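Engineer: This is the structure I want to talk about, given as structure tokens.
Protein chains: 2
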Amino acid sequence: MTELAEKSGDFIRPFFGQPDLVVETKEDATPVTLADRGAEQLMRKLIAQRFPAHGIIGEEFGSERADAEWVWVLDPVDGTKSFAAGCPLFGTLIALLHRGKPVLGAIHQPVLRQLMIGDGSSTTLNGRAVRIRATARIEDATILTTNVHSPARYQHGTAFDALAARARLFRTWGDCYGYLLVAGGWADVMCDPVMNPWDVAALIPVIRGAGGVITDWQGNDPVNAKSIVAAGSALHAAVITALNP
Amino acid sequence: MTELAEKSGDFIRPFFGQPDLVVETKEDATPVTLADRGAEQLMRKLIAQRFPAHGIIGEEFGSERADAEWVWVLDPVDGTKSFAAGCPLFGTLIALLHRGKPVLGAIHQPVLRQLMIGDGSSTTLNGRAVRIRATARIEDATILTTNVHSPARYQHGTAFDALAARARLFRTWGDCYGYLLVAGGWADVMCDPVMNPWDVAALIPVIRGAGGVITDWQGNDPVNAKSIVAAGSALHAAVITALNP
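From first to last, the protein sequence lines are chains A and B. Residue 249 in this note's numbering sits at position 157 of the first sequence, with consecutive numbering throughout. Residue 195 in this note's numbering sits at position 103 of the second sequence, with consecutive numbering throughout.
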């Protein structure tokens, strides 16, 4: 996983800050760049060479052997809107599933050279253990989300706005970098009302390994969830209550 | 100015991502770290050695000879909340005033090693010329602000919320990094409803040098303004209209 992160990062890094990066905009308004495509192709090739029996699910090039015992889940640039806007709040997500369950996850910020890896029982940042901090009250918390104008207004609506207004600090420091800040003990809560499977898998072992709780917006199992709330345990319960009045 | 940016950046960089950086919280809820204080002391010493007759206005250590012909304005860490939260959206602001007018400004992001310098007629990023992009419509624009829950609700209220909802992309990628993204042609509009004099001075020659317009929230002269709107000329007029219905 470290090799996948480092080699994809070496590929992505020179694109950061370049103009006119977007080469296509998908139906869900997600932009795609040459960095996304090239980094995913590079990781697929590395996996195929080393583990030819493993499956791969990628954001850009779909699924191969998705029912294999071991499956890699790749999102080469999570936060493409940030990336294309010259903002460093993006990263590469890599997960390894065993019989469908994420057992290893990585969030890699290639420009800042921050590699966070979690296995569900421990999480490290550049090799050093990290822990979610023990903030107990929403009023003392830094709460993050990706987009305050998310289309998923059915849940990212007035209850979320009221929660955000109670926070000590509320920012759209989003996409995978928000989870890195939470797992690293710099921020307290990350809420995302719209998630894709390739976004979620890597986050689960990272957040749990740092001592945190990760569920969907209603408090359910996060595997294949379409929304995510990640926080320390005391705060997570308070946030789920606040989001579902 | 380059020397001030590089030497203060070398001082600030190792603090980024460290835990428990905040050593004091000021009356306006602004946190202060050892990086703020040390970097400002370092810059004050460099200026005093080279230009003993020049004045200095700094966020942390106040004013000396503020009525001198040449005065330096220093904000060692603009975006201290981001900095203390492990988020790279912060930077050092340095301005040089001649008879009270900002003639040279710098925004420096020391971790990403991005140094933007403007003199009102040209602006460079790491030595290469940058230009504000020519987005004309709010619906096509990336609009940034520092804080959606700003205390200055009298202007950062419903008109701002309506403006933000019209934008193609709206994010709290704030403090000085938002202006760097606008001047560099990656984002279109930066709106800040609450500004301090040490925050504003450096931004004026940077934004103007990149071909942009910078005023307060009502479209007035930005020198010593208590709020700021920065954008390309066509879009700036549309934003001021939208903010003052």
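The beta-carbon is built from N, C-alpha and C at its ideal position, and this holds for glycine as well. Everything numeric in this text was worked out from a predicted model, so none of it was measured.
1. Which same chain residues end up closer than 7 angstroms to T122 (chain A) when comparing Cβ atoms and leaving out the 5 residues on each side of it in sequence?
2. If you follow the beta strand (DSSP E) that P123 (chain B) is in, where does it begin and where does it stop?
3. Can at least three beta-carbon pairs, one atom from the stretch 288-297 of chain B and one from the stretch 196-209 of chain B, be found at a separation below 8 angstroms?
4. Run through DSSP, which three-state label would G197 (chain A) get?
5. Taking a Cβ distance cut-off of 8 angstroms, strictly less, list which residues of the stretch 179-201 of chain A are near chain B, in chain order.
6. Under a CB-based cut-off of 8 angstroms, is T234 (chain A) close to chain B?
7. Three Cβ pairs or more, each shorter than 8 angstroms: is that satisfied between the stretch 299-317 of chain A and the stretch 259-276 of chain A?
8. Kindly say whether L138 (chain A), judged by its beta-carbon, lies nearer than 8 angstroms to any beta-carbon of chain B.
9. Please confirm if P285 (chain A) has its CB atom under 8 angstroms from at least one CB of chain B.
10. In chain order, what residues of the same chain lie with their CB nearer than 6 angstroms to the CB of G210 (chain B), ignoring the 5 residues before and after it?
11. Report the three-state DSSP secondary structure of A322 (chain A) (helix, strand or coil).
12. Cα separation between V286 (chain A) and A334 (chain B)?
13. Closer than 8 angstroms, CB to CB, is R263 (chain B) near chain A or not?
14. Ordered along the chain, which non-local residues of its own chain (more than five positions away) have a Cβ less than 7 angstroms from that of V115 (chain A)?
15. Could you tell me whether any Cβ in chain B is nearer than 8 angstroms to the Cβ of L255 (chain A)?
16. By the three-class DSSP mapping on this structure, what secondary structure does R300 (chain B) have?
17. Would you mind reading off the limits of the alpha helix (DSSP H) that contains P289 (chain A)?
18. On the CB-based measure, 16 or more other CB atoms within 10 Å of its CB, does A256 (chain B) come out buried or exposed?
19. Kindly list the residues whose CB is nearer than 8 angstroms to the CB of N316 (chain A), restricted to its own chain and excluding five residues on each side of it in sequence; keep chain order.
20. Which runs of the beta strand (DSSP E), 3 residues or longer, sit entirely within the stretch 220-276 of chain B?
21. Does Q141 (chain B) pass the burial test, meaning 16 or more other C-beta atoms within 10 Å, or should it be called exposed?
22. Measure how close the beta-carbons of A330 (chain B) and I235 (chain B) come, nearest whole angstrom, since I'm counting them as under 8 angstroms.
23. Starting from L96 (chain A) and walking both ways along the alpha helix (DSSP H), at which residues does that stretch end?
24. Taking just the CA atoms, how far does I186 (chain B) sit from M93 (chain B)?
25. Looking only at DSSP bridge pairs, what is T307 (chain B) linked to?
26. Output yes or no for whether 8 angstroms exceeds the beta carbon distance between L138 (chain A) and E95 (chain A).
Structural biologist: Quick look at the numbers:
1. T172
2. 123-125
3. yes
4. strand
5. C179, P180, L181
6. yes
7. yes
8. no
9. no
10. G197, P297, V298, G301
11. strand
12. 29 angstroms
13. yes
14. V124, T125, L126
15. no
16. helix
17. 289-292
18. buried
19. P289, V292
20. 234-237, 261-263
21. exposed
22. Not really, about 11 angstroms apart at Cβ, beyond 8 angstroms.
23. 94-104
24. 7 angstroms
25. B:V321
26. yes
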